[in-house]
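Presented below is the structure to which this report refers.
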Amino acid sequence: MPQIKSQKKRVITNQKSNDINVAKRTRVRNSVKKFRAAVTAGDVETAKTLLPETVSLINRAKSDGVYHPNTASRKIARLSKELAALENNK
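So for the sequence shown, the numbering used here puts the first residue at 151; every next one is plus one.
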């Protein structure tokens, strides 16, 4: 345990921001799971409505520093590609 007061505070603030970042990452993962479930079920309309919401969550997490910009772009591109493949198969 840290002995210096500022370091004790740093431990507390790091834990708080870690909890916030974990929650944001979990929110993104859950949204991606919902989208992928709609894609595997073949539900084009649901997937179309879920994609903008998921992209918005990913972009918000990116701007907050949870995801690296390239990681966020890769995730968005893969999700868009899945939706395009689903639309082309229907």
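Ideal Cβ positions, reconstructed from N, Cα and C, are used throughout, including at glycine. It should be emphasised that the depicted structure is a prediction, and the values quoted were computed from it without experimental measurement.
- Please state whether DSSP places Pro219 in a helix, a strand or coil. In the structure shown, Pro219 falls within a helical segment according to DSSP collapsed to helix, strand and coil.
_Closest residue to Arg175 among Glu237, Asp214, Arg186 (Cα-Cα distance)_ = Arg175 has its Cα closest to that of Asp214, out of Glu237, Asp214, Arg186.
Practice item. Out of Leu236, Val216, Asn239, Pro202, point me to the one whose CA is closest to Ile226's CA. Key: Ranking Leu236, Val216, Asn239, Pro202 by Cα distance to Ile226 puts Pro202 first.
TODO: Starting from Pro202, trace the alpha helix (DSSP H) both ways and give me its first and last residue.
DONE: 194-213 is the extent of the alpha helix (DSSP H) around Pro202.
Anyone know if the C-beta pair for Leu200 and Val178 falls short of 8 Å?
No, they are not a contact pair.
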